[in-house]
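Enquirer:
Chains as they are written, first to last, in the numbering used here: chain V, 90 to 261; chain U, 90 to 261; chain R, 90 to 261; chain G, 90 to 261.
1. Just to check my reading of the structure: residue 224/V and residue 253/V have Cβ atoms closer than 8 Å, yes? What is that Cβ distance to the nearest angstrom?
2. Just checking: is the beta-carbon of residue 111/V within a distance shorter than 9 Å of some beta-carbon in chain U?
3. Could you give the DSSP three-state label for residue 233/V: helix, strand or coil?
4. CA-CA distance, residue 202/V and residue 209/V?
5. What residues in its chain sit with their C-beta under 6 Å from that of residue 185/U, if we drop five residues either side in the sequence?
6. Could you tell me the boundaries of the beta strand (DSSP E) in which residue 166/V lies?
7. By DSSP's criteria, residue 225/G is part of a beta bridge. Which residues make up the other side?
8. Determine the burial state of residue 149/R: buried for a count of at least 16 other Cβ atoms within 10 Å of its Cβ, exposed for fewer.
9. Helix, strand or coil: how does DSSP classify residue 157/G here?
10. Using 10 angstroms around the beta-carbon of residue 176/V, count the other beta-carbons present and answer buried if the total reaches 16, otherwise exposed.
11. Quick check: what's the CA-CA separation for residue 244/U versus residue 222/U?
12. What residues from the region 197–223 of chain U come within 7 Å of chain V, judged by C-beta to C-beta, listed N to C?
13. Considering just the uninterrupted stretch of the beta strand (DSSP E) at residue 128/V, what are its terminal residues?
14. Does the distance from the CB of residue 236/G to the CB of residue 125/V come in under 9 Å?
15. In three-state terms, what does DSSP make of residue 176/G?
16. Who are the Cβ neighbours of residue 259/V in its own chain at under 6 Å, not counting the five residues just before and after it?
17. Let me make sure I understand the geometry here. Which of 179/G, 173/G and 154/G has the alpha-carbon closest to that of residue 165/G?
18. For residue 242/G, tell me which candidate among 215/G, 206/G, 198/G and 144/G has the shortest Cα-Cα distance.
19. Closest to residue 133/V by CA distance: which of 159/U, 170/U and 131/U is it?
20. Interface residues of chain A around residue 188/V at Cβ under 8 Å?
21. By the criterion of Cβ-Cβ separation under 9 Å, what are the contact partners of residue 165/V in chain R?
22. I need the straight-line Cα distance from residue 182/R to residue 198/U, nearest angstrom please.
23. With DSSP collapsed to three states, give me the class of residue 249/V.
24. Spatial neighbours of residue 119/V within its chain, please: C-beta separation below 7 Å, excluding the five flanking residues on both sides.
25. Return the chain-ordered list of same chain residues with a C-beta closer than 6 Å to the C-beta of residue 190/R, the five sequence neighbours on each side being excluded.
26. Return helix, strand or coil for residue 182/U, following the three-state DSSP convention.
27. Do residue 155/V and residue 174/V have their C-beta atoms closer together than 9 Å?
28. What are the boundary residues of the alpha helix (DSSP H) that residue 202/U is part of?
29. Going by Cα to Cα distance, which pick from 216/V, 246/V and 261/V is closest to residue 232/V?
30. Just by C-beta distance, which residues in the region 121–139 of chain V are closer than 9 Å to chain G?
31. Taking 8 Å as the line, does the beta carbon of residue 130/V fall inside it for any heavy atom of the ligand FMN?
32. Are there 16 or more other CB atoms within 10 angstroms of the CB of residue 264/V, so buried, or fewer, so exposed?
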């Protein structure tokens, strides 16, 4: 069976490696070897700090929030539901966090494109359900590597985004 | 299980009334009126304490755990995934917590009854999937009122249960 | 497995092209017999070529894509996710490929009809979720028989469609 | 709001960091800073090599296989269905790959524990469906870091496992 897939030039493949699922550098220095990607991921200590910062901001705004943090693979890392926060926001906060990591951008940005007549109309039907209004924000290290995402739901979308951004700011 | 919710002292019940979804004393003194249940529910501060206790026990056992806490309504309240803990245990820890609250008993007890030939054979097919091996434990106040449940997954079922029990002990 | 699919004369195949789910000519010359359909389907070697062409075009455009190929039965045949490509595009690329084969047209064509007020409004709710913006293209043999579809996601819908078309061009 | 979660000793947290979602070393050398995990992930070039090796072994055994590769986050990276391979094995191969990464072990090992009377009875009901018979194998670098998993389905479970192991051996 021919390996047509391997005809992609190695240089092109390497050029693509420089962004994405965590910063990616070939591990091997042997050009004949197949490289493993070097990536980064959020730690639980970081996720704790993100949720603490989001809860503090939510309290400051006198809101009650559901707050979810996912890792670089979009898998749940930590979650808190403040007393009295909406039950329906459990799933929404998780979907916002996943959506932000799925596309490496704030959820509200996707929502601008998924309106009727927009280029991504009804993208929300994919991935078991996306949430594309504000409240989901990627989590980035100081050098810009995305290591996860936070999703917040429980108030206005403006408040949700403000709280998510406050949580994201806890990552240095 | 009998209505353990009704043994809650009125004073304790009143103290909780302002906080939410919870336990059961008739509000009205008018026998003609339809009584509303007074219930009790776990607070986020309690859930934090449960998860902190579980994480400390997991570290003590040199294990890496996924830990979920649900409230009296079996809805997710808090979650932590320790660094390096199994990805497949995210869902299992949540299902253990829900299963424990769904039936107000430790998950391992249900598993004894769901074996081939047993009275609850394949009960795991209900509720979008139950987990009936050890690691899920109800969360009870000092007087026995169930206010939620904890589910732990990431090691042997014995360790999972030990860590869940340590978390549950944080509720006084 | 015998390749009965390939014994269909080209002329017969052409006669049927307008009808869709594989070509349909009675096998039997006995008018009393129930005819079996002779169909055509994409081979894995063809799917490899489609994906290699799409990956080459994606690299040329400096994009990172998720690329899915489905067969004549709309079942997944091959898939590649380029390093750093969006996680959310795994499902979208598959849904684009299926959608293109489900209706034997480019996904963007369906999207024109599924807008509010349009004749296929919210068709995305069917089939476990459709994606109806550009990036899905049917795969056709030289004589126009549809043998599968490609779905691409990871950049603008214009780039997605360009890469999908480049992949489709690999089928001769 | 008290940060009870942060009372976990830093030393304990760091001790946990050394295994898991790719090898994990704190990025920061400042003990006061919250560390980001350094992880590793499979590249598409590696996934191509894994699938090529599995296809070659499948052909050698005169079998027709569905072959799936997931990354460190258990998200699909690459997939091939050989001509004539079972349609039902598309989902099974993916579930085997995910299951192997979910628990960082060969799927058959889990199946030994999930039998009636076993400690993990009916674990298959979690995670949207697990497959716990042989055919799923973690993908490890030379130093033992798990960077993904392969799942194979289409023949006997013995053949499925043999082909998966041949694919896994392509990672050096």
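Positions of the beta carbon are idealized from the N, C-alpha and C atoms, including for glycine. On a predicted model such as this, the values are computed, not experimentally measured, just so you know.
Expert: Concretely, from the data shown:
1. The residue you call residue 224/V lines up with position 135 of the first chain. The residue you call residue 253/V lines up with position 164 of the first chain. Taking the Cβ atoms as the reference, residue 224/V lies roughly 5 Å from residue 253/V, within the contact range of under 8 Å.
2. To locate residue 111/V, count along the first chain from 1; it is residue 22. Its pLDDT being 37, under 50, residue 111/V is placed unreliably in this model, and the value from its coordinates should be taken loosely. Closer than 9 Å: no.
3. For the purposes of this step, residue 233/V is identified with residue 144 of the first chain, where counting begins at 1. Here DSSP, grouped into helix, strand and coil, assigns residue 233/V to coil.
4. Position 113 of the first chain, counted from the first residue, corresponds to residue 202/V. Position 120 of the first chain, counted from the first residue, corresponds to residue 209/V. When only Cα atoms are considered, residue 202/V and residue 209/V end up about 5 Å apart.
5. As a working mapping, residue 185/U is identified with position 96 in the second chain. These residues qualify, in order along the chain: 196, 220, 224, 225 and 240.
6. For the purposes of this step, residue 166/V is taken as residue 77 along the first chain, with counting starting at 1. Counting along the chain, the beta strand (DSSP E) containing residue 166/V begins and ends at 165–170.
7. Residue 225/G sits at position 136 when you count from the first residue of the fourth chain. When beta bridges are read from the DSSP output, residue 225/G appears opposite 240/G.
8. Here residue 149/R is taken as the residue at index 60 of the third chain, counted from 1. Around the beta carbon of residue 149/R, fewer than 16 other beta carbons lie within 10 angstroms, which makes this residue exposed.
9. Indexing the fourth chain from 1 puts residue 157/G at position 68. Residue 157/G: strand per DSSP, three-state reduction.
10. Numbered from its first residue, the first chain carries residue 176/V at position 87. Answer is exposed; the Cβ neighbour count stays below 16.
11. For this step, residue 244/U is matched to residue 155 along the second chain. For this step, residue 222/U is matched to residue 133 along the second chain. When rounded, the distance between both Cα atoms is 12 Å.
12. In summary, no residue of the region 197–223 of chain U has a CB separated from any CB of chain V by less than 7 Å.
13. Numbered from its first residue, the first chain carries residue 128/V at position 39. For residue 128/V, the enclosing beta strand (DSSP E) stretches over residues 126–130.
14. Numbered from 1 along the fourth chain, position 147 holds the residue referred to as residue 236/G. Numbered from 1 along the first chain, position 36 holds the residue referred to as residue 125/V. Taking 9 Å as the Cβ cut-off, residue 236/G and residue 125/V qualify as a contacting pair.
15. As a position in the fourth chain, residue 176/G is number 87, starting the count at 1. Residue 176/G carries a coil assignment under DSSP once its states are collapsed to helix, strand and coil.
16. Position 170 of the first chain, counted from the start, is the residue given in the question as residue 259/V. Spatial neighbours of residue 259/V in its own chain (CB-CB distance under 6 Å, excluding positions within 5 residues in sequence) are listed in chain order as 138, 139 and 142.
17. The residue you call residue 165/G lines up with position 76 of the fourth chain. Looking from the CA of residue 165/G, the closest CA among 179/G, 173/G and 154/G belongs to 179/G.
18. Within the fourth chain, numbered from 1, the residue matching residue 242/G stands at position 153. Residue 144/G is the option with its Cα nearest to residue 242/G.
19. Here residue 133/V refers to the residue found at position 44 of the first chain. Measuring from the Cα of residue 133/V, the nearest candidate turns out to be 170/U.
20. Within the model displayed, chain A is absent; protein chains V, U, R and G are what it includes.
21. Along the first chain, one-based indexing puts residue 165/V at 76. None at all; the shortest Cβ gap to chain R is about 14 Å.
22. On the third chain, position 93 is the one that residue 182/R refers to. On the second chain, position 109 is the one that residue 198/U refers to. Each residue's alpha carbon lies about 44 Å from the other.
23. Sequence index remark: in the first chain, residue 249/V carries index 160 (1-based). Assigned with DSSP and collapsed to three states, residue 249/V falls in helix.
24. Here residue 119/V is taken as the residue at index 30 of the first chain, counted from 1. For residue 119/V, the predicted structure reports a pLDDT of 45, less than 50, and the residue's modelled location is therefore unreliable. The matter cannot be settled from this model.
25. The residue labelled residue 190/R in the question sits at position 101 within the third chain. Correct list, in chain order: 159, 163 and 238.
26. On the second chain, residue 182/U is found 93 positions in, with the first residue counted as 1. In the three-state reduction of the DSSP assignment, residue 182/U falls in the helix class.
27. As a first step, residue 155/V must be located in the first chain, where it is residue number 66. As a first step, residue 174/V must be located in the first chain, where it is residue number 85. Their beta carbons are under 9 Å apart, which means residue 155/V touches residue 174/V by this criterion.
28. On the second chain, position 113 is the one that residue 202/U refers to. It spans 196–202 - the alpha helix (DSSP H) in which residue 202/U sits, taken as one unbroken run.
29. Looking up residue 232/V in the first chain gives position 143. Ranking 216/V, 246/V and 261/V by CA distance to the CA of residue 232/V puts 261/V first.
30. Within the region 121–139 of chain V, contact with chain G at the beta-carbon level (separation under 9 Å) is assigned to 122, 123, 124, 125, 126, 127, 128, 129, 130, 131, 132, 133, 134, 135, 137 and 138.
31. Ligands in the displayed structure: none, and consequently the ligand FMN is not present.
32. Because chain V is modelled from 90 through 261, residue 264/V falls outside the range shown and cannot be assessed.
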